[in-house]
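Colleague: There's a structure below that I have some questions on.
Number of protein chains: 2
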Amino acid sequence: MNRYLQPKKEDWDVLLKRPTATYAAIEPLVFEVFDRVQKEGDVAVNAYTQKFDKISTKVKAIAPTDILAAEANISEALKTAIKLAKENIVCFHKAQKTAPVKVETQPGVHCWQEKRPIEKVGLYIPGGSAPLFSTLLMLAIPAKLAGCREIVLCTPPDAAGKIPDVILYTASLCGVDQIFAVGGIQAIAAMTFGTETIPGVYKIFGPGNQFVTVAKQVATRYQVAIDMPAGPSELLIVADDSANPEFIASDLLSQAEHGPDSQVLLVSLSEGLMEKVQLAIDVQLQALPRKDIAAQALANSKMIYFSSDAEAITFINAYGPEHYIVCVKNEDKYLTQLVNAGSVFIGNYTPESAGDYASGTNHTLPTNGYSKQYSGVNLDSFLKAITFQKIDEKGIQKIGPAIELMAAAEGLEAHKNAVSLRLNSLKK
Amino acid sequence: MNRYLQPKKEDWDVLLKRPTATYAAIEPLVFEVFDRVQKEGDVAVNAYTQKFDKISTKVKAIAPTDILAAEANISEALKTAIKLAKENIVCFHKAQKTAPVKVETQPGVHCWQEKRPIEKVGLYIPGGSAPLFSTLLMLAIPAKLAGCREIVLCTPPDAAGKIPDVILYTASLCGVDQIFAVGGIQAIAAMTFGTETIPGVYKIFGPGNQFVTVAKQVATRYQVAIDMPAGPSELLIVADDSANPEFIASDLLSQAEHGPDSQVLLVSLSEGLMEKVQLAIDVQLQALPRKDIAAQALANSKMIYFSSDAEAITFINAYGPEHYIVCVKNEDKYLTQLVNAGSVFIGNYTPESAGDYASGTNHTLPTNGYSKQYSGVNLDSFLKAITFQKIDEKGIQKIGPAIELMAAAEGLEAHKNAVSLRLNSLKK
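Sequence order for the protein chains is A and W.
Our numbering numbers the first residue of the first sequence as 25 and each following residue consecutively.
Our numbering numbers the first residue of the second sequence as 25 and each following residue consecutively.
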């Protein structure tokens, strides 16, 4: 990892910078696929699956018998692990339910806010080297808890045209309604417009490669919402001599193995710790199956020494990490002064892996500095708040004259008249 | 208004349709302005203010003396009205504050969620025929309550280069930090990138014309979030014979006066009521200063008769109105079965004007069917949720083995190792 000692504020820009991917080159292809899927539906989806995935299956909902067969292929140990994770994720997300907010703002003016589920949601789980069933847990569980009526899953087929057993098992366990072996741009387009087979949805969730990322951005032009903008995964650790350097090294490596563009930062209040962490990384790296990927990510990663908590905290808030591990003696200071982060892991026995899989928190989080304005996925991501008001005769008499004055000052006489008519009717 | 009696479901599409504006023609201009503002800052902002607004002022923050002078020009009656509205809006939005969510998902596994303010927010208030100080109340009050550190307001200068007094007064009353007489695309670009004078922000709120709408969409390409996509304002009323036809007419007209593209719908369970409402509209329209605008909107508006509540409710949910007035005997049925709407107004003494100005609810709401997946602006619009977790030795021993299994099943050995190292250290 690259080291920086007490960098001056005017030099922070380069340390805070994320890789800037420009997707302009991909957009014409995405627009082409969207256009054809909108016009031709399943025929286009099948054509693109053939073209991009080299598979000639026809899109159809996975049959319940296939799901049962998949279940039989999962070890009991893995099933038990997935169920424990599910239990914890349910527990934490259920606790996020909010009661209706009810207020009488003036006598006779009753206002309240209630949340209702987004009826139709689409979940996208990428394919690739390993089946990301943990991400499916993170999306399907809150969708189900929120009460979404129609939960659709699209995920790419493997070389045999199949969806991995563990994905089918997890989808069924979490109550996904329909599952399709369709991936890439065509999956996002299908959930945007709906086809003869794949239902259109109101909001699309989930990670993906650059094609899926651009496709989700394009989907927002067609009345569909998305969970959040995507970028490479990130981890920032702040640590002092109270931290265990081997644990810190293992956490940095678990971030680095995600991909060559993973963002890995260690902010340290101790030069000695930095030295020990580097040594531990060198040892642990050798044993990893994905060591080439991790080594590439580490080559671009940074260890930054600050002598004061104040500077470290300012730097961390300016970065706004997706994952943030706090391993320092005075952790309270770092937590109370935290403004921007996706998910925070505190102390020596709280690895990022815990939140990635099984502690109960969500792992779909804002990257790329988006923690400055976005929440990670949570129960509210699958709900929308509606406001209600009911005003009685007394209430409109109380606030009516103010409304008349304000509407007139905005030049909206019909708005004023809607109140005046009611007030006049009460004078009779 | 156009009338439809008991339309068949296969004919609903045309009734549910919104005007589809295509903004592709505007995008090149928006990209040009963004590009120049990013490179040249204030110089570009001033050049575009000269070009688009024909005003040669230089951008600078409004001085406190100007704000004091503005305050002196507002009538005490209007000030009192604005303060009453503020009191109610504060009351309703303060009630939306949520306590941290804390859960021990397993013994020793502590997870919690806390909300933190978005540090820098930008509010845009359009210019035009009247100063929309009510929208400023709706945006600045929750921003301040949320604890946003920097609240920036941009609004176009009038012909004399000034901001209307009532906007300055309201901004000051609500605690806006900096005010700039800059409008249009250049205002959105300035808040996106920041200039020498105008601070860059993390999220931009507020309505605007088609140029501002496209500029906000473009801003999302540059790490800025926006409140929601925009479209013409809408009102759907459902009414039966328990409704007062004059009141209904006045509400339809208050929506129609917004603009020729305003969406106005009356869903009625009574043909007789439709007749009476039309007569009342014909009378009331004549007295309105904006009757030409209202008449244009009414020419495209619809009265739809359904004989059953079930059909009416299905239709209303399929439309997902921004504003929804419910004036029926069995109102509970319509409220409990409601899925998609922005804000709901119940009963004969609850005009939309109440929520537009002073009842306490927010009037920045999802249009164009976006109530299917977006909330209106609320306190949470200015906050983001961060999750935290702290796991102790007992906790990691409880969930660690499940994490190891799941990480291995996803082929992420470094994730597994981060847990194994900790578990091994506890075996010693």
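Where is the CB? At the ideal position from N, CA and C, for every residue including glycine.
Quick one: using the 10 Å Cβ neighbour count with 16 as the cut-off for buried, is asparagine 70 (chain W) buried or exposed?
Modeller: Buried, by the Cβ-count rule.
Colleague: Throw me the rounded Cβ distance for the isoleucine 175 (chain A) and valine 145 (chain A) pair, which I believe falls under 8 Å.
Modeller: Correct: roughly 6 Å between the Cβ atoms.
Colleague: Does the distance from the CB of serine 257 (chain W) to the CB of glutamate 434 (chain A) come in under 8 Å?
Modeller: Taking 8 Å as the Cβ cut-off, serine 257 (chain W) and glutamate 434 (chain A) do not qualify as a contacting pair.
Colleague: For glycine 384 (chain A), count neighbouring C-beta atoms within 10 Å of its own C-beta (all shown protein chains included) and say buried if the count is 16 or more, exposed if not.
Modeller: Looking at its Cβ environment, which holds 16 or more other Cβ atoms inside 10 Å, glycine 384 (chain A) is buried.
Colleague: Over what stretch of residues does the beta strand (DSSP E) that includes glutamine 247 (chain W) continue unbroken?
Modeller: Element bounds for glutamine 247 (chain W): n/a, residue is neither H nor E.
Colleague: Starting from valine 114 (chain A), follow the alpha helix (DSSP H) in both directions and report where the run begins and ends.
Modeller: Segment 100 to 118, the alpha helix (DSSP H) holding valine 114 (chain A).
Colleague: May I ask which residues mark the beginning and end of the alpha helix (DSSP H) holding methionine 162 (chain W)?
Modeller: Where methionine 162 (chain W) is concerned, the enclosing alpha helix (DSSP H) stretches over 157 to 170.
Colleague: Could you give the DSSP three-state label for lysine 63 (chain W): helix, strand or coil?
Modeller: Reduced to three states, the DSSP call for lysine 63 (chain W) is helix.
Colleague: Give the secondary structure of threonine 464 (chain A) by DSSP, where H, G and I count as helix, E and B as strand, and everything else as coil.
Modeller: Residue coverage of chain A in this structure runs from 25 to 452, which leaves residue 464 (chain A) outside it and unanswerable.
Colleague: Got a sec? Which residues, its chain only, sit under 8 Å from glycine 283 (chain A) by beta carbon, not counting five neighbours each side?
Modeller: So the list reads Pro256, Ser257, Ile317 and Ala321, once near-sequence residues are dropped.
Colleague: Which residue wins for smallest C-alpha separation from leucine 39 (chain W), given the options W:Asp333, W:Ala342, W:Ile50 and W:Val57?
Modeller: The candidate whose alpha carbon is nearest that of leucine 39 (chain W) is W:Ala342.
Colleague: What did DSSP end up calling proline 141 (chain A) once you bin it into helix, strand or coil?
Modeller: If DSSP states are grouped into helix, strand and coil, proline 141 (chain A) belongs with the strands.
Colleague: With 8 Å as the C-beta to C-beta threshold (strictly closer), list the residues of the segment 425 to 449 of chain W near chain A in chain order.
Modeller: Flagged, chain order: Pro425, Ala426, Ile427, Leu429, Met430, Ala431, Ala433, Glu434, Gly435, Leu436, Glu437, Ala438, His439, Lys440, Asn441, Ala442, Val443, Leu445, Arg446 and Ser449.
Colleague: In this structure, how does DSSP classify threonine 122 (chain A) when only helix, strand and coil are distinguished?
Modeller: Reduced to three states, the DSSP call for threonine 122 (chain A) is coil.
Colleague: Among W:Thr179, W:Asn402, W:Ser292 and W:Lys107, which has the Cα closest to the Cα of tyrosine 358 (chain W)?
Modeller: Taking only the C-alpha atoms, the option nearest tyrosine 358 (chain W) is W:Ser292.
Colleague: List the residues of chain A that leucine 156 (chain W) touches, going by C-beta distances under 7 Å, in chain order.
Modeller: Those within 7 Å of leucine 156 (chain W) in chain A are Glu434.
Colleague: At the 8 Å Cβ level, is tyrosine 72 (chain W) part of the contact set with chain A, yes or no?
Modeller: Tyrosine 72 (chain W) does not count as touching chain A.
Colleague: For glutamate 100 (chain W), return the contacting residues in chain A, with the cut-off set at a CB-CB distance below 9 Å.
Modeller: Correct list: empty, because the minimum Cβ distance to chain A is about 11 Å.
Colleague: Quick one: using the 10 Å Cβ neighbour count with 16 as the cut-off for buried, is glutamate 56 (chain A) buried or exposed?
Modeller: Glutamate 56 (chain A) comes out exposed.
Colleague: Less than 8 Å between the beta carbons of cysteine 135 (chain W) and phenylalanine 116 (chain A), yes or no?
Modeller: Yes, Cβ-Cβ distance for cysteine 135 (chain W) and phenylalanine 116 (chain A) is below 8 Å.
Colleague: Take phenylalanine 271 (chain W) as the anchor and find which of W:Glu138, W:Thr374 and W:Gln210 has the nearest alpha-carbon.
Modeller: Of the listed residues, the one whose Cα sits closest to phenylalanine 271 (chain W) is W:Thr374.
Colleague: Do methionine 162 (chain A) and asparagine 386 (chain A) have their beta-carbon atoms positioned less than 8 Å apart in this structure?
Modeller: Yes; because the gap between Cβ atoms is below 8 Å, this pair is in contact.
Colleague: Which residue comes first and which comes last in the alpha helix (DSSP H) that contains arginine 446 (chain A)?
Modeller: Unbroken alpha helix (DSSP H) run through arginine 446 (chain A): 437 to 451.
Colleague: How should asparagine 402 (chain A) be labelled, buried or exposed, when 16 other C-beta atoms within 10 angstroms of its C-beta is the threshold for buried?
Modeller: Asparagine 402 (chain A) should be labelled buried.
Colleague: At least one CB of chain B closer than 8 Å to the CB of glutamine 247 (chain W): is that the case?
Modeller: Of the protein chains in the structure, A and W, none is chain B.
Colleague: Examine the ligand HEM and report whether any of its heavy atoms sits within less than 7 Å of the Cβ of methionine 215 (chain A).
Modeller: Ligands displayed in this structure: none; no statement on the ligand HEM is therefore possible.
Colleague: Hey, how far is the Cα of tyrosine 5 (chain A) from the Cα of alanine 48 (chain A)?
Modeller: With chain A represented from 25 up to 452, any question about residue 5 (chain A) goes unanswered, as that position is not in the structure.
Colleague: Whole angstroms is fine: what's the gap from methionine 215 (chain A)'s alpha carbon to lysine 422 (chain A)'s?
Modeller: Distance between the alpha carbons of methionine 215 (chain A) and lysine 422 (chain A) is about 48 Å.
Colleague: Can you tell me the Cα-Cα spacing of glutamate 128 (chain W) and glutamine 210 (chain A), whole angstroms?
Modeller: Distance between the alpha carbons of glutamate 128 (chain W) and glutamine 210 (chain A) is about 41 Å.
Colleague: So, does the segment 174 to 188 of chain A touch the segment 223 to 240 of chain A, judging by three or more C-beta pairs under 8 Å?
Modeller: The answer is yes - the segment 223 to 240 of chain A touches the segment 174 to 188 of chain A, with three or more Cβ pairs under 8 Å.
Colleague: Using a C-beta cutoff of 8 Å, does aspartate 275 (chain A) count as contacting chain W?
Modeller: It does; some Cβ of chain W falls within 8 Å.
Colleague: Between W:Glu64, W:Ser377, W:Thr338 and W:Leu290, which has its C-alpha nearest threonine 221 (chain W)'s C-alpha?
Modeller: Selected option, being the one with the closest Cα: W:Glu64.
Colleague: In its own chain, which residues sit with a C-beta less than 7 Å from the C-beta of arginine 42 (chain A), not counting the 5 before and 5 after it?
Modeller: Only Gly255, Gln287, Asn392 and Gly393 meet the Cβ criterion.
Colleague: Verify whether the separation of the beta carbon atoms of isoleucine 203 (chain A) and leucine 160 (chain A) is less than 8 Å.
Modeller: In this structure, leucine 160 (chain A) does not lie closer than 8 Å to isoleucine 203 (chain A) by Cβ.
Colleague: Do you know offhand how far alanine 426 (chain A)'s Cα is from lysine 33 (chain A)'s?
Modeller: Rounded to whole angstroms, alanine 426 (chain A) to lysine 33 (chain A) spans 51 Å at the Cα level.
Colleague: Taking DSSP as the reference, what is the three-state secondary structure of leucine 53 (chain A)?
Modeller: In the structure shown, leucine 53 (chain A) sits in a helix (DSSP, three-state: H, G or I).
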